[in-house]
Every structure is written in C-alpha cells, then in structure tokens.
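One point on numbering: in the numbering used here, the residue at position 4 of the sequence shown is 36, and numbering is uninterrupted.
Yeah, the Cβ is synthetic: ideal placement off N, Cα and C, and Gly gets one too.
One structure below.
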Amino acid sequence: MRKLKLQVQITLDGYMAGPNGEMDFMVWNWDEALKQYVQTLTDPVDTIVLGRKLAEGFIPYWASVAADASNPEQEAGKKFTDTPKVVFTNTLTQSQWSNTVLATGNLRAEIEKIKDDKGNDIIAYGGSAFVSSLLEQQLVDDIHLFVNPVVIGNGLPVFKKGGQKQNLQLVQAKAFDCGVVVLHYQPKKE
C-alpha cells in the first residue's frame, strides 16, 4: 500500500491560516537546507491530492512557475505540474486543469482507492477543512508540520476541536536557519 504524506504550514499555535484564510504568516525566505528537505519529501511522490479550494490557486501558480525559465523554483514548478493530481471536491463536476482528475465520492473510500493503486508516495496539500478531515479519519501515514515562528491567536486549525484522540510518534524534529521547525510525525502503532 502506498504512503500518504501531509505537508502543511502552520503557526506555533496550530493554525493553518487566519480566521479569513489569511496565510501572510508564512516564512518564505527558506534556507537551502529547508528547500532540500522539501525536495527529499516530494521526490518519491507520484500523486498529489488536493482540496478544491487550495487547488484553485496551487495548480495555476505552479504551472506558471514551471513555464518561467527565469524563476529559481522552476524545477519545483515542473514537479508539481507534471505530477498527476487528484482534487477532492463536492462542487466541481469537471476538471479545469490538465493532468488532474476529480474525486467526488467518500473521502475515506477515495483515499484508500488511491493508496491501493500501484505507485509511489502520495502527498496531500489543502485547506483546513480538507486537511482536518484527512487527519480526523486517520488517513495520513506521515505528517510534516512546517511550524512558522509566529502566533496569530485565532484562525483555521489543523486539528479540529472535539476530534478523536490520536497518538502520534515523533520521527524527527528539525530546526532551520530561516526560523521554520519541521515536526515529522507518524501515527503510533498501538
């Protein structure tokens, strides 16, 4: 079975975005070591799963980066553009993006189907609702929390209040010169 990884940017107090979806808290002056960490994380990935809201910005953004030879992130843009994507949606009936299919069924069933397919690792990106649902249903095998050095006090949480208790095992904690700390967890085997 394939492994589903989650890569998510968060604040120190556990929010993925401000109350209105603001993401201006993120540190983007990443040092080379953090860029290498992300490359190592994404190299074995051959499928990207996205929530619909994030997909609307993510897919066109990385396509434009991939097409811009002067952009220092062009290789990352090509990786994210060339990798097949599955967008989870309750509203779209047809994919508006190339190399992308829609998943409109039950989240658990759709993710399990993708995990059962032949291939390498899968990585998930999404907004609070999508990410929280993946975590709440315990569908993620590797959690990579990119903790930014900021507290915002209120916002959209990674882990919804009132959710089911989950025991996690710390695999690695790594601090980077730019101030981001990556916490890598896996579900603890009981």
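{"Asked": "Cα separation between Asn138 and Gln170?", "Found": "14 Å"}
{"Asked": "Since Gln218 and Asp173 are thought to touch, with beta carbons under 8 Å apart, how far apart are those beta carbons, to the nearest angstrom?", "Found": "7 Å"}
{"Asked": "Put Gly89 into one of helix, strand or coil per three-state DSSP.", "Found": "helix"}
{"Asked": "Counting beta carbon pairs with one atom in the segment 152-161 and one in the segment 201-211, are three or more of them shorter than 8 Å?", "Found": "no"}
{"Asked": "Okay, do the segment 110-120 and the segment 63-82 touch, 3+ Cβ pairs below 8 Å being the bar?", "Found": "yes"}
{"Asked": "Taking C-beta to C-beta, are Trp129 and Phe112 nearer than 8 Å?", "Found": "no"}
{"Asked": "Which residue spans inside the segment 131-215 form an unbroken beta strand (DSSP E) run of at least 3?", "Found": "132-135, 153-157, 174-180 and 200-207"}
{"Asked": "Measure the C-alpha to C-alpha separation of Ala135 and Lys147 and round it to an integer number of angstroms.", "Found": "14 Å"}
{"Asked": "Can you give me the Cβ contacts of Val190 inside the same chain, cut-off strictly under 8 Å, excluding the 5 residues immediately before and after it?", "Found": "Val40, Ile42, Gly46, Tyr47, Met48, Ser160, Val163, Ser164, Leu167 and Leu177"}
{"Asked": "Between Leu86, Ile154, Asn186 and Gly185, which has its C-alpha nearest Leu38's C-alpha?", "Found": "Ile154"}
{"Asked": "If you draw a straight line from the C-alpha of Ser96 to the C-alpha of Thr132, how long is it?", "Found": "16 Å"}
{"Asked": "Can you check which of these residues, Trp62, Lys221 and Pro51, is closest to Gly187 by C-alpha distance?", "Found": "Pro51"}
{"Asked": "Measuring alpha carbon to alpha carbon, tell me which residue in Lys220, Ile175, Val182 and Val183 is nearest Ala205.", "Found": "Ile175"}
{"Asked": "Three-state secondary structure (DSSP) at Gln124?", "Found": "The question names Gln, but residue 124 in the sequence shown is Leu. Leu124: coil per DSSP, three-state reduction."}
{"Asked": "Do Val182 and Leu44 have their C-beta atoms closer together than 8 Å?", "Found": "yes"}
{"Asked": "Kindly indicate the opening and closing residues of the beta strand (DSSP E) around Val70.", "Found": "Unbroken run through Val70 is the alpha helix (DSSP H), Glu64 to Thr74; no beta strand (DSSP E)."}
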